[in-house]
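Working notes, beginning with the structure itself.
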Amino acid sequence: MQTPCGRWHGFTREVICAGPLTQSSYYLGGDCKESSEDVCQISKLMEDRSILPENTRLERYRSSGADSYDIIQASVVEDKSTLGSLSGSDTPDKIIHLVKGDHKEELKHICDCLHQAILYASNSAQQKMLQETIDSFQTGSLEAYRNSQRIWVKDKAPPVETVIGFVEPDRDPLGIRSEFEGIVGIPDPAKTKILNSLASKADQFVYNLPRVKGPDAHKGSFEKELFEPPDFSSINSGRTRGLHMVDKSEQDTFKKHLFYAYYIWVVLHEILGHGTGRFLTEVSDGSHNFNPDEPPLNPFTGNPVECWYRAGQTWTGVFNDLTTTADECKAEMAGAYLIDDLDILRIFGYTGQSEVKPDDIAYNMYLQLGVDGLRGLENYNPTTSRAHFAMFRHLLRDSDGLYTVIYDAEKMTLTVKVNHSRVISHGKPSLGRMLMKLHIYRCTADISKRRRFYEELSRVDDEALTWRDIIISKKDPALAFSPANTYIVEDDVRIKEYEPTVQGIVQSWAERSIH
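Numbering (the working numbering), first residue to last: 10 to 524.
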């Protein structure tokens with residue numbers, strides 16, 4: 010008789026290697042998945058018409074004559090227009106429509122609230138940001154939304170931080186279309202001061218990343234000459250998971266230093282991971298931000314680069330389903346690579362004389378990376394899970410004994426050990442090699458090399474599946490997030506919080522009049 014584990018391994022390839030079009034049917038309606046060629050042509054049509062995809066989804070309609078597709082765009086206004094058609098060698102033309110008005114009722118309510126928020130804005134920049142956001146939700150224009158974000162990043166040290174819009178592409182099979190998200194946070198003043206101190210010095214730390222250096226202390230062709238980090242705020246969150254995967258002798262150390270190491274890793278991820286890099290780009294008038302007659306040299310081949318972003322192309326459009334996960338991986342690696350930088354750690358108060366030493370931070374980060382790499386197998390589709398597994402797999406292969414994975418099938422235990430003596434001598438150079446590749450592929454729009462490199466590293470093989478069986482059997486309880494609600498009582502604003510349970514989530518939503 011075949012065991013459940015055996016049945017799982019029997020269809021491993023189909024589950025793990027299934028293409029992106031076999032995933033969620035919300036962004037790409039069920040029938041759309043039958044023709045990836047049509048989806049690609051529609052994406053090109055949208056690019057040509059300057060229709061950004063983040064707030065859209067796609068539906069296919071069949072009729073006795075010819076099929077048609079609707080690009081459904083989120084907006085308050087309703088409209089339907091014909092964009093063009095797709096021609097096939099053996100099929101009638103397929104008409105493509107742009108249909109506005111998706112989620113119109115919800116967006117109308119949001120716009121009404123944002124109009125009221127303008128009255129309480131702290132400055133004119135916030136008023137303009139809110140108005141641009143309203144215009145975007147009203148019309149569906151993502152250019153208006155981009156304008157709002159350009160204003161948002163220049164609004165220094167607001168007392169309340171907000172993010173709202175179609176910003177999270179994780180659930181789209183192609184990693185482009187995004188789900189709506191609204192977040193409100195109140196910054197921690199003391200930690201925010203430290204972050205802004207780091208951000209003010211961030212330009213000098215860019216030189217410490219693995220980069221192709223230019224002449225006369227310039228940063229080279231693949232990095233912005235002047236790095237301008239935005240204003241940063243610190244909003245607390247917690248995480249202590251996967252402790253059972255750490256060797257017992259290391260568990261006390263892991264728990265003691267976890268928050269400090271993880272916090273700095275996240276900070277560097279955001280400031281120097283996502284914020285760095287320069288795209289080689291052709292502009293709409295045919296000019297370039299580099300000399301196309303003498304392109305920069307590819308550091309891996311020594312020859313001139315052969316690809317770059319063409320006019321109208323965006324990085325999300327070029328990298329499709331790899332956009333988010335490979336970028337999260339690049340940012341995570343930048344943070345991990347710089348985690349031992351003494352000048353950075355000194356800003357956070359970690360020196361040779363502090364209770365928590367710089368070596369404690371670096372070592373614990375590599376422990377955390379090992380745990381996160383294995384836990385990435387638990388839920389493989391989320392972008393950071395795949396990124397962590399790819400990083401861990403690379404280090405297992407490339408760092409000459411930095412990590413050891415101990416698997417005991419009889420006891421059903423899985424333990425990751427880190428060779429402390431090899432963290433800086435072997436781990437950091439290995440991270441640098443992988444980071445350099447992801448960086449260059451991103452800057453040059455080299456989707457073919459990036460896909461080949463990243464997919465091979467993040468492929469789940471039979472050994473990883475045996476690890477996964479244990480990880481699933483010892484899975485941490487799911488975290489429940491129950492959003493708080495605010496109420497106006499006379500002239501006061503009251504906040505009500507809920508238990509982090511399923512019941513708490515339901516009550517939170519119900520009391521916000523969300524049906």
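Just so you know, even glycine gets a beta-carbon here, dropped at the ideal spot from N, CA and C. A quick note: this is a predicted structure, and the numbers were derived from the prediction, not measured.
inquiry  = Assuming Y525 and I370 are in contact, meaning their beta carbons sit under 8 Å apart, how far apart are those beta carbons, in whole angstroms?
reply    = Here the chain has residues from 10 to 524 only, and residue 525 is not among them.
query = Residues in its own chain within less than 8 Å of M342 by CB, not counting five upstream and five downstream?
reply = G282, M400, L440, M443, L444 and L447
ask   = Whose CA, out of D407, D330, R69 and A489, lies closest to the CA of S187?
value = D330
task = Put H435 into one of helix, strand or coil per three-state DSSP.
result = Helix, per DSSP.
inquiry  = Can you look up K109 in the DSSP assignment and give me helix, strand or coil?
reply    = strand
key: beta strand (DSSP E) runs wholly inside the segment 110-170, at least 3 long, in chain order   = none
inquiry  = Is it buried or exposed, P313, if we count other Cβ atoms within 10 angstroms and call 16 or more buried?
reply    = exposed
Beta carbon of G385 nearer than 7 Å to that of F398 = In this structure, F398 lies closer than 7 Å to G385 by Cβ.
ask   = Below 7 Å between beta carbons: does that hold for V108 and D144?
value = no
task = Measure the alpha-carbon distance for R220 versus Q516 and round it to whole angstroms.
result = 51 Å
query = Mapping DSSP to helix, strand and coil, what is V193?
reply = strand
query = Curious, which full-length alpha helix (DSSP H) runs of at least 4 residues does the segment 382-446 contain?
reply = 392-407
task = Please state if the CB of F189 and the CB of E63 are separated by a distance shorter than 7 Å.
result = Cβ distance not < 7 Å, so E63 and F189 don't count as in contact.
message = Just to confirm the assignment, what range does the alpha helix (DSSP H) spanning K574 have?
response = There is no way to answer for residue 574, as the model of the chain reaches only from 10 to 524.
query = When the Cα of W518 is compared with those of R468, A130, I81 and A493, which residue comes out closest?
reply = Nearest C-alpha to W518: A493.
query = Using the rule of at least 16 other Cβ atoms within 10 Å of the residue's Cβ for burial, across every protein chain shown, is S230 buried or exposed?
reply = buried
request  = Between the Cα of V162 and those of D181, A134, G184 and G382, spot the shortest distance and give me the residue it belongs to.
outcome  = A134
request  = Keeping to the same chain, check which residues put their C-beta closer than 7 Å to that of W17; ignore five residues upstream and five downstream.
outcome  = In this prediction, W17 has a pLDDT of 34, which is less than 50 and means its spatial position is unreliable; what the coordinates show is noted afterwards. The beta carbon of W17 sits closer than 7 Å to no other beta carbon from its chain once the five residues preceding and following it are set aside.
ask   = What span of residues does the beta strand (DSSP E) with L95 cover, start to end?
value = D88 to L95
key: Close-in-space but distant-in-sequence residues of the same chain around E234 (CB under 7 Å, 5 per side omitted)   = Hits under 7 Å: H227 and K228.
ask   = Under 7 Å, do L404 and Y412 count as touching if we go by C-beta distance?
value = yes
request  = Check T495 in the structure and name its three-state DSSP category.
outcome  = strand
request  = Quick one: grab the DSSP three-state call for Y6.
outcome  = Because the chain in this structure spans residues 10 to 524, residue 6 falls outside the shown range and cannot be described.
message = Going by C-alpha to C-alpha distance, which of Y216, D368, K202 and R402 sits closest to D381?
response = R402
ask   = In its own chain, which residues sit with a C-beta less than 8 Å from the C-beta of V215, not counting the 5 before and 5 after it?
value = K228, E232, F236, L281 and T285
inquiry  = Distance check for C316 and N373, CA to CA, integer angstroms please.
reply    = 39 Å
ask   = Do you know whose CA, among D111, M138 and N217, lies nearest V559's CA?
value = With the chain covering 10 to 524 only, the question about residue 559 has no answer from this structure.
ask   = Who does L37 pair with in a DSSP beta bridge?
value = L67
key: Which listed residue (I504, I497, D500 and I480) has its alpha carbon closest to that of S491   = Taking only the C-alpha atoms, the option nearest S491 is I504.
message = Can you tell me whether K458 is helix, strand or coil according to DSSP?
response = DSSP places K458 in helix when its eight states are reduced to three.
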